[in-house]
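Numbered according to the numbering used here, the sequence shown spans residues 579 to 990. I have placed the structure first, in the form of structure tokens, so that the comments after it can refer back to it.
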Amino acid sequence: MRRKPLNTTSRSKLSKYAKPLANLAINLADSGSRLERRFWKKRLFAALTPMLEGRSETTLNQTLEYLYNHHYRAYDQLAFAVENTVESPVLGKQQDLLLLAVPILAWSTYNIPSGKIEEDVVNDFTKQLQKHVLSEHAHLVLTNVLFSPDQLPESYTSAAELARQLGHAALERLTVRIDSETLPATQSFLSDVRYLLGAVAVPEGMPVFKWQEDNPAGGAMLSKEEVLENWRTLGGRSVQKLMAGCNIQMLLPNGLYNACREAEKEARAYSVRASAAFLENSLQVNPQQIKASVGAFVDRGEIEEYRIGFSIDDSPEIVHGVVWPLIGEEYGNEPDPVYEKDISSEPDNPVIRSTIEALLKEVGIKHLKVLEERFPLEYCEDCGSPLYPNPEGELLHAELPEDSQLPGIHLH
Ligand SMILES: [Zn+2]
């Protein structure tokens with residue numbers, strides 16, 4: 579996912595491997611013409627392929643980290659180039675490849691399924707995606723696993739390896755079977771994302787998706803929204819069968835990084851809606867009884883995420899909470915567009931904050947407290963779950979009342 583690198587304050591000197599890569603990205607970002615851009619782009623992509631195959635994860639991350647602090651546009655160019663190189667390995671045969679992710683948002687008071695999928699279900703999904711989402715030139719190979727976010731490849735090099743493996747299968751028209759026992763265990767949340775992963779092969783330069791294709795009837799091309807609508811209507815029954823007992827929302831399938839970023843963004847509002855529905859149903863309260871306390875959580879002077887603590891009536895206890903991370907270009911602070919007040923002492927992100935406020939109101943929560951103070955990123959020392967603010971601005975562990983009759987799940 580394109581986001582802030584992990585250790586932005588560490589080293590400021592580049593290794594001898596990272597320096598040429600950083601220079602390529604800087605030259606690309608500073609290009610003065612389309613011709614020059616094309617020149618540096620070609621060089622950059624040529625440098626990345628062997629690095630991803632050679633497991634040079636450290637060099638990649640070090641370069642990204644350095645550019646994030648010293649040349650943001652070059653950072654953006656490099657992150658984009660790395661993601662593209664990962665998703666579209668060049669394996670010859672005059673075919674273009676794309677590592678495809680099919681995201682599904684789900685919430686349930688029971689476990690949201692993940693792991694192995696039966697053969698006939700894989701075949702069904704492959705057919706549906708080919709028919710409703712991909713272009714007529716596309717050949718898709720799906721894996722037999724429903725991935726949770728913590729089961730997706732963690733590093734660029736491991737994602738690149740998966741893309742090569744699946745890409746090869748797509749070129750050779752083979753099937754791919756992953757041993758789901760080797761994947762990390764999935765923690766249960768009230769709401770979460772699941773992914774189907776696969777690779778698409780198309781003849782070089784041909785469209786991958788339906789929304790890139792000319793309409794055979796001669797009319798307008800299908801928009802992404804129309805393709806998503808079709809996918810929801812026509813693929814919905816299969817997805818619902820796969821995720822029995824869950825409320826689901828299907829998102830647009832796309833290249834891995836784009837699909838995951840969009841899903842992470844969508845998952846935040848989805849999880850607020852799920853939380854409100856969950857509290858109303860499970861605790862038998864109406865939305866007027868729910869209080870939401872919203873706090874900005876800061877690391878090194880920049881907002882990392884907002885956290886929303888839910889409490890009932892006048893009780894100070896937090897019964898449930900939602901983390902709202904800032905993603906990609908949203909990350910950090912921004913000046914208030916309305917008041918243009920000086921926020922140099924208090925980091926703020928008014929656009930995100932008002933999005934959260936509007937959403938809480940939309941789900942019927944009237945008692946809303948936006949806390950002025952800024953909080954450190956604190957977690958429970960025992961279980962690692964985030965601590966949420968209550969209306970008084972205290973950070974607390976979310977605990978459901980003891981008398982609530984609920985299946986044993988971790989609620990975050
Ligand atoms: Zn705990």
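All C-beta atoms, glycine included, are put in the ideal place defined by N, C-alpha and C. Small disclaimer: the values here were computed from a predicted structure and weren't measured.
Asked: Shorter than 7 angstroms, the distance from the beta carbon of H569 to the closest heavy atom of ligand 1, or not?; Found: Not covered by the structure: residue 569. The range shown for the chain is 579 to 990.
Asked: Please report the residue range of the alpha helix (DSSP H) in which R772 lies.; Found: That residue, R772, is in no alpha helix (DSSP H); its beta strand (DSSP E) goes 769-781.
Asked: Give every residue of the same chain whose Cβ lies closer than 8 angstroms to the Cβ of E840, excluding the five residues on either side of it in the sequence, and list them in chain order.; Found: P681, L829, L830, N832
Asked: Using the beta-carbon count (16 or more within 10 Å), is Q729 buried or exposed?; Found: buried
Asked: Any heavy atom of ligand 1 closer than 7 angstroms to the CB of C961?; Found: yes
Asked: Terminal residues of the continuous alpha helix (DSSP H) containing A787?; Found: The sequence as given places Phe at residue 787; Ala does not occur at that position. Run containing F787: none; DSSP gives neither H nor E here.
Asked: Can you pull the DSSP bridge partners for V876?; Found: I881, P954
Asked: Identify every residue that forms a DSSP beta bridge with A625.; Found: According to DSSP, which records beta bridges pairwise, A625 is partnered with nothing at all.
Asked: Sorted by chain position, which residues of the same chain lie with C-beta nearer than 7 angstroms to D608's C-beta, five sequence neighbours on each side aside?; Found: none
Asked: Between the segment 783-796 and the segment 647-664, are three or more C-beta pairs nearer than 8 angstroms?; Found: no
Asked: Could you tell me whether the segment 594-606 touches the segment 642-661, using the rule of 3 or more Cβ pairs below 8 angstroms?; Found: yes
Asked: Tell me whether C958, by its Cβ, gets closer than 7 angstroms to a heavy atom of ligand 1.; Found: yes
Asked: Taking 8 angstroms as the threshold (C-beta atoms), are V778 and A741 in contact?; Found: no
Asked: Assuming S758 and V723 make a contact with CB atoms under 8 angstroms, what is their CB distance in whole Å?; Found: 5 angstroms
Asked: For the segment 679-696 against the segment 836-854, do three or more pairs of beta-carbon atoms, one drawn from each stretch, fall closer than 8 angstroms, so that the two count as touching?; Found: yes
Asked: Between the segment 702-714 and the segment 855-869, are three or more C-beta pairs nearer than 8 angstroms?; Found: no
Asked: Of all the beta strand (DSSP E) runs that stay within the bounds of the segment 796-875, which reach a length of 3 or more residues?; Found: 825-828
Asked: When you compare only the Cα positions, how much space is there between T721 and V771?; Found: 17 angstroms
Asked: So L946 and E959 are in contact, right, with Cβ under 8 angstroms, and what is the actual spacing, rounded?; Found: Contact doesn't hold; Cβ gap of about 29 angstroms is too wide.
Asked: Between the C-alpha atoms of E804 and E980, what's the straight-line distance to the nearest angstrom?; Found: 46 angstroms
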